Amino acid sequence: MSTAEEFRLRFNILGPIEGWSNGERLRLGGVIQERVLATLLLEPGKVLPVSRLVEAAWDEDPPNTASHQVRKAVADLRRRIPGGAEVLVTDGPGYRVVEEQCEIDVAEFALLIRNAKLAAADGRTAEAAETLRNALALWRGPVLAGGGGPVIERASTSFEERWLTAAEQRFDLHLALGDAAELVVELRELVEKHPLRESLRGQLMLALYRSGRQAEALDEYGKVRALLADELGIDPGPQLTKLYEGILRESPELAGPEPAPAAPVVAVALPAEPPSTLPYDLADFTGRDRELAEILDGAKHGNEQGPLVVAIDGMGGCGKTSLAVRAAHRLAPDYPDGQLHLDLRGHTPGDQPVSAGIALDTLLRAVGIPGHLIPDDVPARTALWRSTLLGKRLLILFDNAADADAIHPLLPLSPGCLVMVTSRARLVDLDGAQWISIGEMSPEDSAMLVAETLGARRVAAEPEAAAELARLCGHLPLALRIATARLRNRPRWTLQYLAERLRDETRRLDELSSGARSVSATLRLSYQALDEECRRAFSTLSLHPGNEMDPHAAGALLGCSSRDAEDLLEMLLDVHLVQQPEIGLYTFHDLVRSFAQSLFAEAPEDSGAVERLLRYYLTATEVACDLLYSGRRRRSTGIDPSTSELPALDTPQRARTWFRREQGSLLAAVTLAERRGHDRFVVCLARNLVFQLNDLGLLEEFGALSRVAVAAADRLQDLALLGVSLSNLGVACWKLGRLSEGLEAARKSRDVAIELGDLHTQAHSESILGQFSSLLGDFSAALEHMETAIAHERDLDMPRAEAESLTILSTLYEQWGRYEEARVAAQRSADLSRRLGQHEGLPGAITDLAFAHVGLGAHEEADRCLTEARALYGDAGNEANRALTLALSADVEHRLGKPVRDPDHAELALDMMRTNSSPLRRAKVENVVGRLRRRQGDPATALELHTHAHELAASLGYRIEQAYALTGMADSLGDVPEAERYRAEAERLFTELGVPADRRRD
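In terms of this note's numbering, the sequence shown opens at residue 1278 and continues consecutively.
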């Protein structure tokens, strides 16, 4: 039996739901799974009936299948959670969570609250306060982040009330310990969120009073009295009123145990002429409309408890300062007491960051404080700065901050002030800030900036080059401004010429340099702020060839665990040296990747990093293919398995999800392996990848990858790998309709296999040769190849390969008009697929069976087969195969007198094929739908479809579909001479193929 210690399971629901096992984040599924799990976790150990879980999972009007879906959700959760069957147990009419099997933040919160209560009762006040602090830290927001529906929202409201009560208890304990000034910021934030909560307001008033801020304490009472009168038509309660009266008369009872002495503050009036030190606003500032609107809108809803803080973060060169300055100028009229700008030089070449003391000295002098009145120490300067701004409305822009510590001493306390901060890293410790992260510009904004800085006429003359220039600059404002500045200074240069220079990645950063401005120098400042470990990780991770990487791939590159790799990626994310398109995936901006790779000139790359990544991908794809393609023969790669940590690939669904998500990276990894001379990795990775590409119908990629693998195997002089690669190329060419190339590849593959005595590859090659012979109309030769292939596959116990060959044989027989033999072959293929438990080939086999039934006139049987095939495909799978199933479904349902579906299966099939790369399948689908349209009384559409099918089939030498297309064209035209010519040509082809008139499709 599994135990909590064995898996170290933990669930957090006080905020977005999280599941963790041994430090790894669990993927818990969709909305229904999350709501069901959260509902059970809210009441651990208690049996919840299915009806309660249905109520929690749907906001209203649950579907008729709701109970079934809840049970499916529980079953899915059990699969996703290690030891899930012991965590989520069935108990009578419902389910319950076994508390002993996992940790739950809700349960931990309750335990800490009880421990704090006991500590407080024993007089251990400091310990009780610390315990409450730990309990409160568990809160990350409402249960399920407020997205849980009415049932969960009610529970969430209850927990939020418990959290607030605990917070009030903690403040009471701190006040009893003599703390006061340090509580004000936290209390203000809570009062702002819960303005009608009198207990919190009273604690804030007491903390202010004990900090020597009696006027502010009394002002708080005035605010809440007015609010209560406006909102509820009542006065404050007797307890708050008594506190107010005590503060008013400075009652000794309100003094803390040891009140801290207040720092002396000298109040100085601001000068008559309001100070304004903002930089000039760029005349050609362009774009960022959404971010600018967000800043301007946020400034309208000021913070009544303190200054409004807007923190703008983003990578170097993305235009943070320009945006902040534009917003500051727009907002200046709302802040009549002054607008200040201070560059804190957190990332300035050759400069140290401005210290708090110097910053305060600069600010105080800017607002008119004489130098002799400015104290020497930072705390006193902070106190003077804050007292000077009380009751004033100032806008202050702190530019280029290194971290939150640089900002804290500079923050005013006046609620009328607006503080804007720009930084490369998100200042997560800047409590209460409104965060705005900005990245690269949109292509539209980039185009506008190029036109604005270079001139609309010059851009209009070369619109494509202008768009390419923006793309090569990574849509980064600094890079775009440097590029357009170079073009302005070189009027003979065209946009196309500069774009050509930028295409060379090794020179791109050198090109993006003008005067004192340089993209490389800007990025280097962020890089230099990293510690040594992060620097090494930054450059090494840039070797990843894909657009995105997950922590497992990163761990393989870095030679560390996925958890350590994720920590490093998160550190780089914090300073915007990587981006996060979605949770768990990371990517480099193009220019940042170029900069990272340029660092290898200073320190050589980790020589083993690329090979570790390739070995990881090969091992992971082997595991995924074993799960997804049962019956697939494992071949020796000659490469040791990876020791890197693999993702969870323990179910077909997880393997499929991972494979599809990583597809782009895996294709790029093959290219990387080829470029680095790792030919064995090229061949072995390609062999695994083609299964996925074939399954998804990505035939062009299938063909291109197979050619790369053949070339690599040839360079290796490894006949076994060459035979397999040639065989795969044959399959790709067959599906792409490149019959000559495919036939040559299949023959070479067979010859290599015979030379090696490799019966497995020989069988596969014979099957492909049979397919080509069938397509080209040599049915007798095709039958001979197929019988040889199937005999070898049975002798070698290759049921998966045999099932695939039997579908080819069934299609051959159906084209030949031998429908009973086609039925037997298709039925055998379907039986083998079911026995293997593999479904990617099963719907195709069942569709072949339906074609045979149609030929035999058994339309009801065909309809049953097609219904099953459509259900197996669902909304996914190979589009070319799905399209044929849908086309035949529409045809059979019409034969049975059923009404046309909405949407029409036939039209869906045609839509799929318009974007598909398989001309063979398209010709067959168009012939099926063409015959259907003719029977439906639409000969014009039928003629159009058959004509196009004929063009495709004739160009490929696909003789059977060429004959059926000609027949369809003739039947659609009616009794005209041209129709007779088509009919005669069709009859000639049918005769050559050996298909008698009474055995043809109708």
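Where is the CB? At the ideal position from N, CA and C, for every residue including glycine.
Since this is a predicted model, take the numbers as computed values, not measurements.
Integer Cβ distance of residue i from residue j, believed to fall under 8 angstroms
i: leucine 1943; j: valine 1869; result: Not a contact, Cβ separation roughly 23 angstroms.
i: phenylalanine 1979; j: alanine 2009; result: 4 angstroms
i: leucine 1555; j: valine 1602; result: 6 angstroms
i: leucine 2233; j: valine 2205; result: About 17 angstroms; that fails the 8 angstroms criterion.
i: leucine 2046; j: histidine 2062; result: 5 angstroms
i: glutamine 1480; j: leucine 1452; result: 7 angstroms
i: serine 1816; j: alanine 1873; result: 5 angstroms
i: alanine 1636; j: leucine 1621; result: 7 angstroms
i: serine 1839; j: glutamate 1739; result: Not confirmed; about 46 angstroms, so no contact.
i: valine 2029; j: leucine 2006; result: With a Cβ gap of about 12 angstroms, valine 2029 and leucine 2006 do not count as contacting.
i: leucine 2270; j: phenylalanine 2056; result: 6 angstroms
i: leucine 1617; j: proline 1552; result: 6 angstroms
i: leucine 1786; j: serine 1907; result: Not really, about 49 angstroms apart at Cβ, beyond 8 angstroms.
i: alanine 1756; j: cysteine 1750; result: 4 angstroms
Beta bridge counterpart(s) of residue i as assigned by DSSP
i: glutamate 1380; result: Arg1287
i: leucine 1325; result: Tyr1372
i: tyrosine 1893; result: DSSP output for tyrosine 1893 lists no bridge partner at all.
i: alanine 1588; result: Val1698, Trp1712
i: phenylalanine 1675; result: Leu1619, Val1698
i: glutamate 1863; result: Contrary to the premise, residue 1863 reads as tyrosine rather than glutamate in this sequence. Paired residue(s): Met1826.
i: valine 1366; result: Arg1373
i: glutamine 1856; result: Thr1864
i: serine 1553; result: Gln1616
i: serine 1795; result: Ser1790
Own chain partners of residue i with C-beta closer than 6 angstroms, once the 5 adjacent residues on each side are dropped
i: alanine 1901; result: Leu1926, Ala1932, Phe1936
i: histidine 2130; result: Glu2138, Ala2139
i: leucine 1962; result: Leu1895, Val1947
i: leucine 2013; result: Leu1976, Gly1980
i: histidine 2294; result: Past the boundaries of the shown model lies residue 2294; the chain is included only from 1278 to 2279, so the question cannot be answered.
i: proline 1924; result: His1829, Trp1935
i: alanine 2240; result: Ala2263, Leu2266, Phe2267
Own chain residues within Cβ distance below 7 angstroms of residue i, not counting five before or after
i: isoleucine 1381; result: Phe1288, Leu1318, Pro1321
i: glycine 1369; result: Val1324
i: arginine 2199; result: Met2190, Asn2193, Leu2229
i: aspartate 1851; result: Ala1702, Arg1703
i: tryptophan 1440; result: Leu1413, Trp1416
i: valine 1543; result: Low per-residue confidence applies at valine 1543: pLDDT is 49, beneath 50, and the placement is therefore not dependable, though the value from the model is reported in the following sentence. Only Leu1650, Leu1661 meet the Cβ criterion.
i: proline 1541; result: Caution is warranted here: a pLDDT of 49 is assigned to proline 1541, below 50, making its placement in the model unreliable, and the coordinate value is therefore given only provisionally. Hits under 7 angstroms: none found.
Span of the alpha helix (DSSP H), counted from its first residue to its last, around residue i
i: glycine 2121; result: 2119-2132
i: glycine 2245; result: 2236-2250
i: proline 2196; result: 2196-2212
i: methionine 1482; result: 1475-1487
i: serine 2026; result: 2016-2033
i: serine 1816; result: 1809-1818
i: alanine 1406; result: 1402-1414
i: proline 1515; result: 1515-1525
i: proline 1613; result: It is not in any alpha helix (DSSP H) - proline 1613 carries neither H nor E in the DSSP assignment.
i: arginine 2260; result: 2254-2270
i: threonine 1659; result: 1655-1666
i: cysteine 2142; result: 2136-2150
i: proline 1246; result: Residue coverage of the chain in this structure runs from 1278 to 2279, which leaves residue 1246 outside it and unanswerable.
i: glutamate 2170; result: 2156-2172
i: isoleucine 1916; result: Run containing isoleucine 1916: none; DSSP gives neither H nor E here.
i: serine 2106; result: 2096-2113
8 angstroms Cβ shell around residue i - same chain, five flanking residues per side excluded
i: leucine 2073; result: Leu2036, His2037, Ala2040
i: glutamate 1951; result: Val1959, Val1985, Ala1989
i: leucine 1504; result: Pro1472, Leu1473
i: leucine 2113; result: Ser1907, Gly1908, Pro2076, Arg2077, Ala2080
Extent of the continuous beta strand (DSSP E) run through residue i
i: threonine 2038; result: Careful: threonine 2038 lies outside any beta strand (DSSP E), inside the alpha helix (DSSP H) at 2036-2052.
i: glutamate 1295; result: 1295-1298
Tell me the start and end of each unbroken beta strand (DSSP E) in the stretch 1703-1767 that is at least 3 residues and wholly inside, in chain order.
1711-1714
Runs of beta strand (DSSP E) wholly within the stretch 1933-2002 (minimum 3 residues, chain order)
none
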